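Inspection log for the structure reproduced underneath, given as structure tokens.
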Amino acid sequence: MHSSIPPNVYVALKLPSDVTKIVQTVPNSNISLGKYGSFPCNQIIGRPFYATFEIADKPDDDGHVLHIVPAAELHTEALLADGEGEGEVEAGTSTPSVPFPQEDNRHIIDNKSTQQLTMEQIEELKQSSTDAGREIISKLLESHSALDQKTQFSRAKYMLRKRKKYLHRFKVEPMDVGVLTEWMLEQKDPGRILESRDETIGLIGAWANVHYGGSGEPDGVAKVNGAVNRAQGRWLIVDDTGGLVVAAMAERAGILYPPEVLSGEGLGNITKQGARPVPSVEEETTPAAEAMPASHTTLTVIHHNLQPNLSMLKYFSHDINEPSETHPLSSHLKTLSWLQLLHPSEDAIYEMEPPDVSEEELASWKPSKRSMHFKKKRRWARVRNTVDETRAGGFDGLIVATLMEPASILKHTVPLLAGSAQVVVYSPYIEPLVQLADLYSTARRTAYITYKREVAEGAAEDKEEDFPVDPTLLLAPTLHTSRVRTWQVLPGRTHPLMTGRGGAEGYVFHAVRVLPAIGKVEARGVQAKKRRTEIS
Numbered sequence: 001m002h003s004s005i006p007p008n009v010y011v012a013l014k015l016p017s018d019v020t021k022i023v024q025t026v027p028n029s030n031i032s033l034g035k036y037g038s039f040p041c042n043q044i045i046g047r048p049f050y051a052t053f054e055i056a057d058k059p060d061d062d063g064h065v066l067h068i069v070p071a072a073e074l075h076t077e078a079l080l081a082d083g084e085g086e087g088e089v090e091a092g093t094s095t096p097s098v099p100f101p102q103e104d105n106r107h108i109i110d111n112k113s114t115q116q117l118t119m120e121q122i123e124e125l126k127q128s129s130t131d132a133g134r135e136i137i138s139k140l141l142e143s144h145s146a147l148d149q150k151t152q153f154s155r156a157k158y159m160l161r162k163r164k165k166y167l168h169r170f171k172v173e174p175m176d177v178g179v180l181t182e183w184m185l186e187q188k189d190p191g192r193i194l195e196s197r198d199e200t201i202g203l204i205g206a207w208a209n210v211h212y213g214g215s216g217e218p219d220g221v222a223k224v225n226g227a228v229n230r231a232q233g234r235w236l237i238v239d240d241t242g243g244l245v246v247a248a249m250a251e252r253a254g255i256l257y258p259p260e261v262l263s264g265e266g267l268g269n270i271t272k273q274g275a276r277p278v279p280s281v282e283e284e285t286t287p288a289a290e291a292m293p294a295s296h297t298t299l300t301v302i303h304h305n306l307q308p309n310l311s312m313l314k315y316f317s318h319d320i321n322e323p324s325e326t327h328p329l330s331s332h333l334k335t336l337s338w339l340q341l342l343h344p345s346e347d348a349i350y351e352m353e354p355p356d357v358s359e360e361e362l363a364s365w366k367p368s369k370r371s372m373h374f375k376k377k378r379r380w381a382r383v384r385n386t387v388d389e390t391r392a393g394g395f396d397g398l399i400v401a402t403l404m405e406p407a408s409i410l411k412h413t414v415p416l417l418a419g420s421a422q423v424v425v426y427s428p429y430i431e432p433l434v435q436l437a438d439l440y441s442t443a444r445r446t447a448y449i450t451y452k453r454e455v456a457e458g459a460a461e462d463k464e465e466d467f468p469v470d471p472t473l474l475l476a477p478t479l480h481t482s483r484v485r486t487w488q489v490l491p492g493r494t495h496p497l498m499t500g501r502g503g504a505e506g507y508v509f510h511a512v513r514v515l516p517a518i519g520k521v522e523a524r525g526v527q528a529k530k531r532r533t534e535i536s
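Laid out in structure tokens, this is it:
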């Protein structure tokens, strides 16, 4: 990922109120943070990530309204707290000089009367203050009549609340899957991503064994010539989370982010709105990091609409409709519909090849018509190649995150997997996965083998509805779950936070693709020698 903030990308702004704001760094634009103020976007472009910025109430002589808060100032309260503990131990002694007082807040009456500043006075301070909220906080502390009665812990909490409310600060973090997942869960629509949490997505990637696939042949795909080579980093995905699962798997495979290069294009002209000029990368001596080749790593997404819903990928600079040639996903992400997978002859794009046109006729066409002809040819070739590759199979794994019935999906996708491929199915609820685990259980597999033998001998009728899926294709079906809970740890009061988010638990089904033995199976080995007995 980028080490400094590039233009035209999405970043996460962490506000003092523990709220995350996702913005795009569009040059020559303004970013508004509500009550915390606004600032020109140019003033953060080229700055390092994870820096804390402070918004001044008025620009300085150079027109800058942002400045980076030093680390010493950020941690002043923590550094002072290290030396303010009551009952400290003197140097060279083993016992405290004074007994540790057992303070509490039971005798403190903390109501509105303890704060002598009125709301009108606070609003006047907001209008006249030029110290980014620090003056307001100091006035509030001075005018609090019961502040000296509070315990040290209570004073720290009061100070923290006021800093979150009045300090005009924010921290810039790069966009990644964890930040996007937390933002969707806490501040947007959790149902849009099937209430999948960061730890659940990590569990999906771990059990699916998603990893960097390595480099190899220039074509980077399995050959569709009757014999499919062993897959090297090819995963089949059914994603109904808007592309969040695809983004997480691409991140694990190393194909989510573009090359770590800040080209500096246009940054020399970003001097408007009081922005400080940012030197381009061409002026620096450090060489740009090269992209790691992964020609065999591909993610194939199956969708049920005319176009796949991968809107989450826009936060990682990838547009599925107009992909950038420099983005890794433009060449490593492939999509096809269920109609193209199951009945390709009924798909118009797959079957209707654009007619060949002679050079003379092409020369007589208008440029727009000629461009449209070549565009249709490229789309037909891309769709046909993707469909043929997918139907040939040989995938390393299958990842499903949907509310559809899992058995109806695995019936058509499991046969496309190579031996020892990992199968992972995510569902917000456990009931669909329990039914799926039963379909691949040992008892079901034994009954299926017996049933097929009776059908072959003519002793039973062929009733496929009794077995929606072939239970001999998957081995060791298991269910997993993982959830991180925040606990408060206090003497006698240790329990999960009561304000923690509820929602679906989220479960993961995992199994391994196996290749059933064909024909009669015989045991082979070295026969044990019989012990000789001496005849007396």
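Each residue of the sequence shown is one higher than the last, beginning at 1 in UniProt numbering. Just so you know, even glycine gets a beta-carbon here, dropped at the ideal spot from N, CA and C. Just so it is clear, the structure is predicted and the values come from calculations on it, not from any experiment.
For my contact list, residue i and residue j are in at a C-beta cut-off of 8 angstroms; report their separation, rounded to the angstrom.
i	j	result
residue 514	residue 475	5 angstroms
residue 420	residue 512	6 angstroms
residue 506	residue 481	6 angstroms
residue 537	residue 326	No statement about residue 537 is possible, as the shown extent of the chain runs from 1 to 536 and does not include it.
residue 51	residue 31	No, residue 51 and residue 31 are not in contact; Cβ-Cβ is about 15 angstroms, not under 8 angstroms.
Provide the residue span of the alpha helix (DSSP H) that contains residue i, from first to last.
i	result
residue 471	Element bounds for residue 471: n/a, residue is neither H nor E.
residue 390	367-392
residue 177	177-187
residue 411	406-413
residue 538	Outside the displayed range of the chain (1 to 536) lies residue 538, so it cannot be described from this structure.
residue 255	Premise fails: residue 255 is in no alpha helix (DSSP H) and is neither H nor E.
So residue i is in the beta strand (DSSP E); what residue range does that whole segment cover?
i	result
residue 32	30-32
residue 22	20-24
residue 234	234-239
residue 334	333-337
residue 320	That residue, residue 320, is in no beta strand (DSSP E); it is neither H nor E in DSSP.
residue 193	Segment: none, residue 193 is in no beta strand (DSSP E) and carries neither H nor E.
residue 40	38-40
residue 351	No beta strand (DSSP E) holds residue 351; the alpha helix (DSSP H) holding it covers 348-351.
Measure the Cβ-Cβ separation of residue i and residue j and say whether it is below 8 angstroms.
i	j	result
residue 9	residue 25	yes
residue 177	residue 402	no
residue 400	residue 336	no
residue 312	residue 244	yes
residue 232	residue 318	no
residue 406	residue 376	no
residue 429	residue 477	no
residue 412	residue 362	no
residue 414	residue 473	yes
residue 398	residue 194	no
residue 302	residue 310	no
residue 196	residue 426	yes
Count the other CB atoms within 10 Å of the CB of residue i; is the residue buried (16 or more) or exposed (fewer)?
i	result
residue 298	buried
residue 17	exposed
residue 517	exposed
residue 449	exposed
residue 538	The structure shown does not extend to residue 538, since the chain spans only 1 to 536, so no value can be given for it.
residue 39	buried
residue 445	buried
residue 344	buried
residue 314	exposed
residue 300	buried
residue 43	buried
residue 494	exposed
Could you give the distance in angstroms between the alpha-carbon of residue i and the alpha-carbon of residue j?
i	j	result
residue 29	residue 157	37 angstroms
residue 522	residue 251	45 angstroms
residue 461	residue 455	6 angstroms
residue 347	residue 396	27 angstroms
residue 510	residue 390	22 angstroms
residue 234	residue 172	34 angstroms
residue 417	residue 394	5 angstroms
residue 199	residue 206	10 angstroms
residue 169	residue 54	4 angstroms
residue 13	residue 204	28 angstroms
residue 57	residue 73	19 angstroms
residue 5	residue 27	12 angstroms
residue 87	residue 491	Its pLDDT being 42, under 50, residue 87 is placed unreliably by the model, and the measurement read from it follows with that caveat. Computed Cα separation, rounded: 20 angstroms.
residue 447	residue 463	13 angstroms
residue 322	residue 41	25 angstroms
residue 179	residue 242	16 angstroms
residue 351	residue 479	41 angstroms
residue 540	residue 246	Given a span of 1 to 536 for the chain in the structure shown, any question on residue 540 remains unanswerable.
residue 141	residue 164	14 angstroms
residue 11	residue 185	17 angstroms
Quick check: is the beta carbon of residue i nearer than 8 angstroms to any beta carbon in chain B?
i	result
residue 486	Protein chains in the displayed structure number just one, and chain B is not present.
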